[in-house]
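Using the working numbering, the final residue of the sequence shown is 1027, and nothing's skipped along the way. Heads up, the beta-carbon is just placed ideally off N, CA and C, and yes, glycines get one too. Take a look at the structure below.
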Amino acid sequence: MSSRPAHPTSSFEASRPPGLRLGALDGLRAARSEDPDGFVRLVLSTFRRTIDRYLPELDQARRRGDAVTARRVVHTLKSSSLQIGADEFGTTCAALELAIVEQGLDHPAVSDGLDQLPAGAETVRAMINELIGPEAAS
890 MSSRPAHPTS
900 SFEASRPPGL
910 RLGALDGLRA
920 ARSEDPDGFV
930 RLVLSTFRRT
940 IDRYLPELDQ
950 ARRRGDAVTA
960 RRVVHTLKSS
970 SLQIGADEFG
980 TTCAALELAI
990 VEQGLDHPAV
1000 SDGLDQLPAG
1010 AETVRAMINE
1020 LIGPEAAS
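And the structure:
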């Protein structure tokens, strides 16, 4: 029986923001034998771009009253955030996804939750920036 840890120690372990679940990052790291920390950086950077792409799409769907697109966007944000260990944001997205289906896009509680989603996304972005640095200017 080996006494080695299941996952090698990483620079991410010491600097992980409190809002990201370390097990999720370890799972991502374990998926890649070559440059596992680079892979985690890539996934986290991709999540930032996902926020940039999908929040405006969600806003447009809400203005059109398009519950199908709004639900799909919230579903995507949920899945992506849970993958990186942003569990609080992912759980919020899961509740909103269900609420859109059950109560509709115009329900006050759904509308309030969707209004707060960008702030939650920015909290996750700040955690990612703390972990891997801010995005490079384009």
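What first and last residue would you give for the alpha helix (DSSP H) that runs through residue i?
i    : result
L971 : 956–973
L944 : 925–953
L994 : Where L994 is concerned, there is no enclosing alpha helix (DSSP H), given that its DSSP letter is neither H nor E.
L909 : No alpha helix (DSSP H) holds L909; DSSP gives it neither H nor E.
Does the beta-carbon distance from residue i to residue j come in below 7 Å?
i    : j     : result
R937 : I1017 : yes
V962 : E986  : no
L914 : G974  : yes
R951 : I989  : no
L966 : C982  : yes
Measuring straight from C-alpha to C-alpha, what distance separates residue i and residue j?
i     : j     : result
L944  : P1007 : 7 Å
L917  : L909  : 13 Å
D995  : E1019 : 35 Å
R930  : I1021 : 6 Å
T1012 : P997  : 23 Å
R953  : E923  : 45 Å
F901  : I940  : The predicted model places F901 with a pLDDT of 44, which falls under 50 and marks its position as unreliable; any figure quoted below should be read in that light. F901 and I940: Cα-Cα distance of roughly 22 Å.
A1015 : E991  : 32 Å
D955  : E977  : 25 Å
R921  : P1023 : 23 Å
G927  : L933  : 10 Å
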